[in-house]
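A.B. asks:
In the working numbering, the protein residues as written are 8 to 215.
#1: From the DSSP secondary-structure annotation, give me the bridge partner or partners of residue 33.
#2: Would residue 26 pass as a contact of residue 84 if the rule is Cβ separation under 8 angstroms?
#3: First and last residue of the beta strand (DSSP E) that includes residue 57?
#4: Restricting to Cα atoms, I'd like to know which of 52, 28, 38 is closest to residue 46.
#5: On the three-pair Cβ rule with 8 angstroms, is the stretch 138-150 touching the stretch 33-51?
#6: Ends of the beta strand (DSSP E) at residue 100?
#7: Considering only their Cβ atoms, is the gap separating residue 108 from residue 177 smaller than 8 angstroms?
#8: Contact criterion: CB-CB distance below 8 angstroms. Does residue 54 meet it with respect to chain D?
#9: Less than 8 angstroms between the beta carbons of residue 70 and residue 79, yes or no?
#10: So who's on the other strand from residue 162, going by DSSP bridges?
#11: Determine the closest residue to residue 88 out of 120, 130, 81, 99, with distance taken between C-alpha atoms.
#12: Between which two residues does the beta strand (DSSP E) harbouring residue 156 extend?
#13: Secondary structure at residue 73, three-state DSSP: helix, strand or coil?
#14: So, helix, strand or coil for residue 38, using DSSP?
#15: Count the other C-beta atoms from every protein chain shown that fall within 10 angstroms of the C-beta of residue 193, then say buried if there are 16 or more, exposed otherwise.
#16: Distance check for residue 202 and residue 66, CA to CA, integer angstroms please.
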């Protein structure tokens, strides 16, 4: 049994620093015979695209909705052996983004993960936050911030809102997922998003 990593000592906590490629796997619409695909690569400090002293993640790939008749998605999720997180001491997650392409992305949290059937990953309830930044490419060490109050995350199943769902168990986050989807033929094509940090914090009544 894997024990979630407890994050309680600090006012803020970086959840995935340093970035580890081995802790992320693709979860694309190929599981439904689609053709979208994604990757999460690590950009090392001092290399092209990374002006920071630490690694950053590059979530990229191609989103197609034609194959599945208007619905397509590509995503990277934490690996099956990821220990999970206890973020019950926090109420906000912030993404620090130095590069965005102007498309809409979704950040997901899960407190339950259905077991696979015949080796095929199964859908479950996912708590989602959609965000969109203008196209930016900061090369001077600055970032755009996506501030996501956890209370604003919406429970969904296969993209559809679920009413009457039990509250998200922040003491037992079993999976994190970064996704891009077509929103029923609204967006498609190559995509790229760089993520410097994913930070949990306690903001209380602070204004966004």
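Even for Gly, the Cβ is constructed at its ideal location relative to N, Cα and C.
C.D. replies: Judging by the given coordinates:
#1: 83
#2: no
#3: From DSSP, residue 57 is part of no beta strand (DSSP E); its letter is neither H nor E.
#4: 28
#5: no
#6: Residue 100 -> beta strand (DSSP E) spans 99-104.
#7: Cβ atoms of residue 177 and residue 108: not closer than 8 angstroms.
#8: Absent here is chain D; the protein component of the structure consists of one chain.
#9: yes
#10: 134
#11: Taking only the C-alpha atoms, the option nearest residue 88 is 120.
#12: 151-156
#13: coil
#14: helix
#15: exposed
#16: Each residue's alpha carbon lies about 8 angstroms from the other.
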